[in-house]
Amino acid sequence: MATSLLLACGLNEQKLPGFVHISEESNVDGSFLISCILGQRLRISNAGTLLVCLQNHYQHYFNAGMRLGYNSNIFLGKTLNVIDVLSDMARLGLTSKWLRSPDGLTLTEQLVKDIREQLEKNYPNRSSYTILIDNLSILINLGASKQQVQQFCLDLADLAKAHDNLTVITKLSNSDIHPLTDNNVAKLGNVRIQVLRLKSGVFRDVDGKLLIERVLDDEGSYSCEQTRKEVLYKVNDRNVKIYNPGEIGVKV
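As structure tokens, then:
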């Protein structure tokens, strides 16, 4: 159930771009993209995946995966590893290293450290590796400055450049509230996917639209006239449907 979505986004290949950013507008939920990408990566033989849970805990993605037709628990501890920040904080409270690092590291520095450790341990054994960060906005909510979030993403982009077949995928919610951070992070990468509301408001058969942009040059700039693609999406209980604009008479 998510093949057409990933095909529309250009994320259905075994080899993905080095850095992909998902911009999620206010009052829309783009978590389905993380679940769909996760399922696609897990189905590739010997491809490693690291899921960093900031917005939703791992159980959420397990439940979403079961509805989409895959069981992530089969891969857990094998080709799938998880840094579940949300569950750690819920279990440990103020003693969690994410709130009080014993090494004096900031939240984002601690997260980069853990990601590097996972990468060093698992990357050499895999044909490709994908790091999924489910919501950068949560880092800001937890006290990280926008500069720290930007540096965090720069560090991840450097990892992708230094390792063949390594892809970093980030998502930022409320991108219209954090436009500078959103644009700066997007310019680190090769692909940007914007999850947007419909201009016409709520519609029964469509939840929103995706605007997919691809980098044309080495400067990280976008040429929307040549690389822009729009599709409409509807998230159902067990699949995600994709429509072309105007296909079902929706003003977008």
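Numbered continuously in the UniProt record's numbering, the sequence shown closes out at residue 252. For glycine and all other residues, C-beta sits at the position ideal for the given N, C-alpha and C.
Proximity below 7 Å, CB of residue i to CB of residue j
i           : j           : result
residue 191 : residue 20  : yes
residue 53  : residue 134 : yes
residue 165 : residue 118 : no
residue 86  : residue 98  : no
residue 195 : residue 153 : no
residue 167 : residue 227 : no
residue 2   : residue 240 : yes
residue 122 : residue 48  : yes
residue 175 : residue 13  : no
residue 212 : residue 193 : yes
residue 57  : residue 88  : no
residue 235 : residue 32  : yes
residue 132 : residue 169 : yes
residue 71  : residue 126 : no
Residue i (DSSP reduced to helix, strand or coil)
i           : result
residue 49  : strand
residue 120 : helix
residue 74  : helix
residue 106 : coil
residue 223 : With a pLDDT of 48 at residue 223, under the threshold of 50, the modelled position of that residue is not reliable, and the figure given next carries that caveat. In this structure, residue 223 counts as coil in the three-state DSSP scheme.
residue 20  : strand
residue 85  : helix
residue 240 : strand
residue 99  : coil
residue 7   : helix
residue 80  : strand
Residue i - containing beta strand (DSSP E), residue span
i           : result
residue 230 : 229-235
residue 192 : 191-196
residue 210 : 208-214
residue 167 : 166-172
residue 128 : 128-133
Backbone CA spacing between residue i and residue j [nearest angstrom]
i           : j           : result
residue 16  : residue 105 : 31 Å
residue 28  : residue 204 : 15 Å
residue 171 : residue 247 : 28 Å
residue 51  : residue 141 : 20 Å
residue 244 : residue 102 : 51 Å
residue 187 : residue 91  : 36 Å
residue 61  : residue 69  : 12 Å
residue 138 : residue 112 : 15 Å
residue 30  : residue 42  : 19 Å
residue 66  : residue 40  : 13 Å
residue 238 : residue 161 : 35 Å
residue 18  : residue 55  : 23 Å
Residue i burial status per 10 Å Cβ neighbour count (16 or more: buried)
i           : result
residue 189 : buried
residue 120 : exposed
residue 182 : buried
residue 209 : buried
residue 8   : buried
residue 115 : buried
residue 159 : buried
residue 147 : exposed
Boundaries of the alpha helix (DSSP H) in which residue i is found, first to last residue
i           : result
residue 39  : 31-42
residue 62  : 58-68
residue 184 : 179-186
residue 137 : 137-141
residue 148 : 146-162
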